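The structure appears below as structure tokens.
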Amino acid sequence: MADIIQLLPDHVANQIAAGEVVQRPASVVKELLENAIDAEAKTIKLIVKDAGKTLIQVIDDGKGMSVTDARLSFERHATSKIRTADDLFQLNTKGFRGEALASIAAIAHVELKTKQEQDDVGTAIIIEGSEVVSQEVVVTPKGASVSVKNLFFNIPARRNFLKSNAVELRHIIDEFHRVALVHCDINFAMYSNGSETFNLPVSNFRQRIVNIFGNKTNEKLVPVEEDTEVLKISGFVGKPEFAKKTRGEQYFFVNNRFIKSAYLNHAIASAFEGLLKSGTHASYFLNLKVDPQTIDINIHPTKTEIKFDDEHTLYALLRSAVKHSLGQFNIAPVLDFDRDSSLDTPYEFKRTTTNAPTIEVDRSFNPFREDKKVIGRQTTPFKPTVSNWESLYVGLESKSNTEPEDFSEVHFESEESTASIFESDNQVAQVQTTYQLHNKYIVSTIKSGMLVIDQHRAHQRVLYEDFLKNMTIKEAVSQQLLFPLQLHFSVQEIQILNQLKDDLEHTGFVFSNVLKESVEITGVPITVPESEVSIILEQLISDVENEVPDAHFSATDLLAKSMAKSLAIKTGQSLEKDEQEHLVNKLFACKEPNVSPTNKTTFITMSVDELDKKFI
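Residue -8 is where the sequence shown starts when you use my numbering, and the numbers rise one by one after that.
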């Protein structure tokens, strides 16, 4: 039998590795930015076109590479970051695997220009699908410039799975934030389709957060500082009143590397326990410094997961540090059971002299005097008079004299007279046909048996079709606000709102002014309470960032789904009988009553036969 195991060619192995390292354009951005930081660059520029599908270019002024290094950098497992296996536990660089450039070059057209400071000329290398097309000498400034064009050109299936430009650009911006936030000593700039998106000068950590998320963020931040032998914590958490329904502004950095940790996130949530509204999440920007020997970064190719030697200690330290900061800056309420606030001396009385109180006594007061005056309501003693009770019987004598003594002509109230209480049959109370079960389901009877409706999903379907109709016909009714509503968002969120502004106006929103970091709303749809506007818009922005559907759907459809989800009756909300019946009637007046906007079942039916089988 012939041998069947063989070594894969390098270009095939690179494409397999690219499946782990390069998942979307944002993955390329992350790897190139981290390489620029490892090269000790002081200025880094990121240029993207068509959300990275056409071009991703990173330009830095770092150390650059020699001719040999430039060529070798595209080989698998070729790196300047480590030498031995022991170096994996002393990592001070972003990259160390030596797979990024090789994986990127396997699935895209890559052009590298680089030069070291002492050299007169640099090197230019062009690679297409792991094949070196050209390598020549060029004139280029110190540092490196890496251009990645036509991503996934040789893997059309992966390219087809990419989301829309808005979603992919959102992921690129997220990766840019994760790198730029923690490296405040580097000047970052980002350009998308020729326009400047970010220009972040060298600053401190707080100013870098404000530059990225807007000036309004400054008043939301609470400093957190803790220094122990095990862990050093520095950064900021957001005030509870500014908590959002999404997890967008949550950043953990371990040794200047962005990570994701549900365990540490739980520590923050525990510190905010009792301070946040239900369903909201606190913002935090925390940089944790630990001994590199106590962590293992080599878990996943993306290097966003880290294993800690002692997670329980980190959890306790992080939780106590955040709680201490919230208490120190009077964010958390302080309970003092020994203090009675009612005994506090007002400020205006602190410097006044005390005077003896004056007492006035009525020495002529005699409680046994007969003609005493009654304080308050004047009461008069009751004197029974004969005329009072005799008047009750006035006229009875004359009537008794004229009428016969037998009771044959006396008429008593009959039972039939009770029917005259209702003037018409319409006023008779109808039999209740709907019931609410656990404030979640509406149970109704039908001819064949029983109907059980999920109230939240049913109301979503009703609102979804109403919003879709309003946006399509463009005849939505708007309710004007007495005072304009001012809402603050980040620069990226304002861009999303600008894209959806026309569709939002068709639903009933009226925007009087849209600035760089805020919007002013003077009108809302009649079904939207004013207090829910910010929640709806935040949820909508989150849906656009993470759940923009494929090209088969439009932004109008997404907007209708998002608003319906935000405004629908929640599980646990009690409904009156009329509200239950109205919801049932509106549901079955919809075009697709069977499913919610997210294609989940809205109701089930149970026939009498099925019920009979339960009792066999």
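Cβ atoms here follow ideal geometry from the backbone N, Cα and C, with glycine treated the same way. Predicted, not measured: the structure shown is a model, and the values here were computed from it.
Per-residue burial, residue i [other beta carbons within 10 Å of its own, 16 or more giving buried]
| i | result |
| --- | --- |
| residue 616 | The structure shown has nothing for residue 616, since the chain only spans -8 to 607. |
| residue 162 | buried |
| residue 498 | buried |
| residue 430 | exposed |
| residue 420 | Interpretation of residue 420 is limited by its pLDDT of 44, a score under 50 that renders its predicted location unreliable; the figure taken from the coordinates is listed afterwards. Residue 420 is exposed by the Cβ-count criterion. |
| residue 30 | buried |
| residue 451 | buried |
| residue 303 | exposed |
| residue 580 | exposed |
| residue 159 | buried |
| residue 275 | buried |
| residue 408 | Caution applies to residue 408, whose pLDDT of 47 falls short of 50 and renders its modelled position unreliable; the value that the coordinates give is listed next. Looking at its Cβ environment, which holds fewer than 16 other Cβ atoms inside 10 Å, residue 408 is exposed. |
| residue 541 | At residue 541 the pLDDT is 43, less than 50, meaning the model places this residue with poor confidence and gives no usable figure here. |
| residue 560 | buried |
| residue 33 | exposed |
| residue 121 | buried |
| residue 166 | buried |
| residue 156 | buried |
| residue 26 | buried |
| residue 605 | exposed |
Residue interval of the alpha helix (DSSP H) (run including residue i)
| i | result |
| --- | --- |
| residue 564 | Looking at the DSSP string, residue 564 is not in any alpha helix (DSSP H), and its letter there is neither H nor E. |
| residue 454 | 446 to 464 |
| residue 223 | No alpha helix (DSSP H) holds residue 223; the beta strand (DSSP E) holding it covers 223 to 229. |
| residue 96 | 91 to 97 |
| residue 318 | 302 to 319 |
| residue 60 | 58 to 63 |
| residue 203 | 196 to 204 |
| residue 256 | 253 to 262 |
Check whether residue i and residue j have beta carbons under 8 Å apart
| i | j | result |
| --- | --- | --- |
| residue 118 | residue 91 | no |
| residue 316 | residue 245 | no |
| residue 106 | residue 53 | no |
| residue 208 | residue 235 | no |
| residue 129 | residue 112 | yes |
| residue 126 | residue 62 | yes |
| residue 278 | residue 239 | no |
| residue 98 | residue 47 | no |
| residue 37 | residue 137 | no |
| residue 219 | residue 250 | no |
| residue 191 | residue 199 | yes |
| residue 609 | residue 170 | Absent from the model: residue 609. The displayed extent of the chain is -8 to 607, so no value can be given. |
| residue 16 | residue 42 | yes |
Continuous beta strand (DSSP E) stretch holding residue i: start and end
| i | result |
| --- | --- |
| residue 218 | 212 to 218 |
| residue 516 | 509 to 516 |
| residue 158 | Residue 158 -> not in any beta strand (DSSP E); alpha helix (DSSP H) instead, spanning 156 to 173. |
| residue 248 | 248 to 250 |
| residue 36 | 34 to 40 |
| residue 183 | 178 to 183 |
| residue 503 | 501 to 505 |
| residue 486 | Element bounds for residue 486: not the beta strand (DSSP E) but the alpha helix (DSSP H), 482 to 498. |
| residue 600 | Here residue 600 belongs to no beta strand (DSSP E); instead the alpha helix (DSSP H) covers 599 to 605. |
| residue 47 | 46 to 51 |
| residue 128 | 122 to 129 |
Test: residue i CB closer than 8 Å to a CB of chain D
| i | result |
| --- | --- |
| residue 59 | No chain D is present in this structure, which holds just one protein chain. |
Nearest-angstrom Cβ-Cβ length linking residue i and residue j, presumed shorter than 8 Å
| i | j | result |
| --- | --- | --- |
| residue 535 | residue 487 | 5 Å |
| residue 252 | residue 243 | 6 Å |
| residue 19 | residue 139 | 5 Å |
| residue 503 | residue 475 | 6 Å |
| residue 214 | residue 266 | About 17 Å; that fails the 8 Å criterion. |
| residue 578 | residue 444 | 7 Å |
| residue 103 | residue 115 | 7 Å |
| residue 575 | residue 437 | No, residue 575 and residue 437 are not in contact; Cβ-Cβ is about 10 Å, not under 8 Å. |
| residue 598 | residue 440 | 4 Å |
| residue 49 | residue 183 | Not quite, the Cβ-Cβ distance comes to about 14 Å (not below 8 Å), so this is no contact. |
| residue 652 | residue 501 | The requested residue 652 is not part of the displayed model; the chain covers only -8 to 607. |
| residue 485 | residue 511 | Residue 485 to residue 511, Cβ: 12 Å. No contact. |
| residue 533 | residue 188 | Going by Cβ atoms, the distance from residue 533 to residue 188 rounds to 20 Å, so no, they are not a contact pair. |
| residue 35 | residue 60 | Not really, about 19 Å apart at Cβ, beyond 8 Å. |
| residue 586 | residue 596 | About 14 Å separates the two Cβ atoms, so there is no contact after all. |
| residue 494 | residue 547 | 5 Å |
| residue 456 | residue 591 | Actually they are not in contact, since the Cβ atoms of residue 456 and residue 591 sit about 15 Å apart, beyond 8 Å. |
Segment contact flag, the segment 190 to 209 with the segment 469 to 489, C-beta cutoff 8 Å, min 3 pairs: yes
Three CB pairs or more closer than 8 Å across the segment 557 to 576 and the segment 461 to 475: no
Touching by the beta-carbon criterion (3+ pairs, under 8 Å), the segment 424 to 443 and the segment 546 to 554: Contact between the segment 424 to 443 and the segment 546 to 554 is absent: fewer than 3 CB-CB pairs across the two stretches fall below 8 Å.
contact_flag[the segment 443 to 450, the segment 172 to 184] where n(CB pairs < 8 Å) is 3 or more: no
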